[in-house]
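Data first, discussion second: the structure below is written as structure tokens.
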Amino acid sequence: MAEPIAYNATIVERENLGDRLAIFRVRPDSSGSLEEPLVPDFIAGQYAVLGANNVREPEKGSVRRAYSIASPPEEKRWLEFYIRRVSKPASDNPLTHLLWELEAGSRLWLGSKITGRFTLADTVGENDPRPKIFVAAGTGLAPFVAILKQNIARNKVIKKAPPPCVILHGASHPHELGYKEDLELVMNHVARRYFPTISRPHLHPEWRGDIGRVETFFNAEKIESLEERLGINPGDITPENCVVYICGLQGTISQTLIALFKRGFIPDERKLRIALDISPDIPASIFFERYDATPVINLSNRDFLEELKKSFPLHTDQET
2 MAEPIAYNAT
12 IVERENLGDR
22 LAIFRVRPDS
32 SGSLEEPLVP
42 DFIAGQYAVL
52 GANNVREPEK
62 GSVRRAYSIA
72 SPPEEKRWLE
82 FYIRRVSKPA
92 SDNPLTHLLW
102 ELEAGSRLWL
112 GSKITGRFTL
122 ADTVGENDPR
132 PKIFVAAGTG
142 LAPFVAILKQ
152 NIARNKVIKK
162 APPPCVILHG
172 ASHPHELGYK
182 EDLELVMNHV
192 ARRYFPTISR
202 PHLHPEWRGD
212 IGRVETFFNA
222 EKIESLEERL
232 GINPGDITPE
242 NCVVYICGLQ
252 GTISQTLIAL
262 FKRGFIPDER
272 KLRIALDISP
282 DIPASIFFER
292 YDATPVINLS
302 NRDFLEELKK
312 SFPLHTDQET
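This is the structure we're talking about:
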């Protein structure tokens, strides 16, 4: 049996958003230096690794998993994580089941390295002027909360208008729309818009917002309505006018990609670009962070790939 991992961090706050959803604020142990902040520098959009030992069944050992950080880099007291308890885990020792036994004051392990390239700086650059459309399913909202909070904090310092952005957040039920009240406050700005949607409205007759999975905002019958609500012309959701970021599970990412390929958006993932015969010289305009292991597009399905290629304006232009 493997040695248990040594804990080096503490849960200072836990905010439950229902039985299966919670926000954890985790403080790393102090290094002993009064000058060194508890939280190291990082870039909004990156992730850290949490870990715990299985105390009830020690023979199963410890488990670690990466989670996107929801707090901005300016927050030096703790790292914040927006986590769902997995109901159908892929392993017999899921970390979320161990985390759900922990409360404020509980100890756990926090990896020392914060990493990831799902950031503005590592994609189009922080100075790219195009509005950003952030598409989040469930806890996929976390990196976008960090990016938004960082942008607001920085622009207060330099007294500059915040860059335009839109957050589209999908969940099954209203109570699973984490950060909803906070987002409604900070997104009440001409340059920032927030559209939450739920996929099980029949269970919530009191709900008066959008309905459907978050990726359906880009369906052919709904995308022009989205453009109208954003105050832009029909057909203006294009790579020339905006950049799209998606975070969540395979289904949301796949369906959003397929819908926006028709608008000319180019994916960042190298394998996908090669499979779709996209020149490396064409800049990416749609980026994603996947929370599961399922490929977003089945690259072994050649017939589907050929149909997908035909949806790209760049391929259509070449054929004509």
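Just so we're aligned, residue 2 is where the sequence shown starts under our numbering, counting upward by one.
Using N, Cα and C, we set each Cβ at its ideal position, and we do this for glycine too.
Quick check on this structure: which residue in the options has the alpha carbon closest to the alpha carbon of residue i?
i    : options                   : result
I134 : F266, R303, H176 and L96  : F266
A45  : S200, F289, W101 and I115 : I115
P144 : F43, L111 and L96         : F43
E216 : P240, E207 and S173       : S173
R201 : E102, H176 and A221       : H176
A49  : E104, Q251, N220 and R118 : R118
S92  : R108, Y83 and R66         : R66
V245 : G252, N234, P235 and T257 : T257
L142 : R131, D123 and K181       : K181
Just curious, the alpha helix (DSSP H) that residue i is in, first and last residue?
i    : result
R230 : I224 to R230
I259 : Q251 to F262
E308 : R303 to S312
D278 : Element bounds for D278: n/a, residue is neither H nor E.
A122 : L121 to T124
What do you reckon, are the CB atoms on residue i and residue j nearer than 8 Å?
i    : j    : result
D183 : P197 : no
V64  : N94  : yes
G179 : R214 : no
F25  : L96  : no
V40  : K77  : yes
A71  : E60  : no
H148 : L111 : It is worth fixing the name first, because residue 148 is Ile in this sequence and not His. Not closer than 8 Å, so no.
D237 : E228 : yes
P296 : A285 : no
L169 : Y8   : no
S107 : I6   : no
F289 : C243 : no
Considering only DSSP beta bridges, list what residue i is partnered with.
i    : result
D293 : According to DSSP, which records beta bridges pairwise, D293 is partnered with nothing at all.
T116 : Y48
F288 : Y246
Which residues bound the beta strand (DSSP E) around residue i?
i    : result
L109 : R108 to L111
I298 : Careful: I298 lies outside any beta strand (DSSP E) and carries neither H nor E.
F135 : K133 to A138
T11  : A10 to N17
A172 : C166 to A172
L22  : L22 to P29
Exercise for the section: May I have a chain-ordered list of the beta strand (DSSP E) segments no shorter than 3 residues that lie completely inside the stretch 61-101? Expected result: The beta strand (DSSP E) runs of length 3 or more contained entirely in the stretch 61-101 are, from start to end of the chain, 63-69 and 80-85.
Exercise for the section: For the stretch 174-205, list the alpha helix (DSSP H) runs that are entirely contained and at least 4 residues long, ordered along the chain. Expected result: 181-187
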